[in-house]
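Report on the structure given below.
In the working numbering, the protein residues as written are 13 to 270.
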């Protein structure tokens, strides 16, 4: 345990203490020397306390209480089986180490703080913003269309408790599309929070998803229209794909695109 000061330069005012005693001893008065010594002592103590308060002392002590936040990436670039394995790993770590405080931050496009993995499993996971609502998030849901690691670490930092050993476990593939994780490093350092990263398993070689559909702004009745679909895969390049569209149950004519 030790003490530090946020404004240590204020301590230089303590140099005035000898002046108080010099004035007290050379004062011409009818008071006895014992009385003058008492007055000088009281004045010195008052000045010392004021200076100490202005210096903003900080008491540093040791603690064994650990506050841990598990930041779990559930974006679509992460394999679904990894998310379930990660939640089981979190449950095992909780039982084995029993930290004094813990939270789970589930994130993709935006983060959500929950108490445990049971609450994390109850969250709604949606593919895009249109499914999640106008604000990009459904009722307690997470949008998978993007990954913001910076926002997740910021939320994790806010979920940690003060006066404890701060730990963040990041379970992600690191494929961030929004924000920059480098922006949160100074805040993590200032708070004294350590981050431990566990790499997530990406999609398998056969996993492909529809990344977007482009439709012309103006459509006319009974006229052909060109709709472009974009497919994506993390494991391999897609050279050719076919997209089948239906309108009111009737299939549209479509041709393969490179």
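Positions of the beta carbon are idealized from the N, C-alpha and C atoms, including for glycine.
The Cβ-Cβ distance between residue 119 and residue 92 does not fall below 9 Å.
According to DSSP, residue 185 shares a beta bridge with no other residue. The beta carbon of residue 239 sits closer than 6 Å to those of 227, all from its chain and outside the five residues before and after it, given in chain order. Shown here, residue 50 sits in a helix according to DSSP, grouped into three states. Look at residue 168 here: in three-state DSSP terms it is helix.
Counting the other CB atoms within 10 Å of its CB gives residue 45 a total below 16, which places it among the exposed residues.
With respect to residue 121, residue 168 sits apart: the two C-beta atoms are not nearer than 9 Å.
Under DSSP, residue 153 takes part in a beta bridge, and its partners are 136.
Contact between residue 81 and residue 126 does not hold, since their C-beta atoms are separated by about 11 Å, which reaches or exceeds 8 Å. Beta-bridge annotation (DSSP): residue 224 is paired with 242. Annotation for residue 211: the continuous beta strand (DSSP E) segment containing it runs 206-211.
At the C-beta level, residue 209 and residue 182 come within 9 Å of one another. By the 16-neighbour rule on beta-carbons within 10 angstroms, residue 19 is exposed. Residue environment: residue 229 is assigned as exposed (fewer than 16 neighbouring CB atoms within 10 Å of its CB, all protein chains considered). Boundaries of the beta strand (DSSP E) around residue 83: 78-85.
In the DSSP assignment, residue 30 falls within the alpha helix (DSSP H) that extends over 29-38. Residues 80 of the same chain have their beta carbon placed closer than 6 Å to that of residue 114, with the five preceding and five following residues left out of the count.
Comparing alpha-carbon positions, the option among 87, 50 and 98 lying closest to residue 137 turns out to be 87.
By the Cβ test, the stretch 161-176 is in contact with the stretch 186-200, since at least three Cβ pairs between them sit closer than 8 Å. Distance between residue 107 and residue 135, taken at the CA atoms: about 22 Å. Closest by C-alpha distance to residue 161, out of 34, 55, 199 and 187, is 187. In the same chain as residue 185, and ignoring 5 residues on each side of it, the C-beta atoms closer than 7 Å to its own belong to 85, 89, 90, 211, 212 and 214, in chain order. Under the Cβ criterion (8 Å, minimum of three pairs), the stretch 22-36 counts as touching the stretch 53-64.
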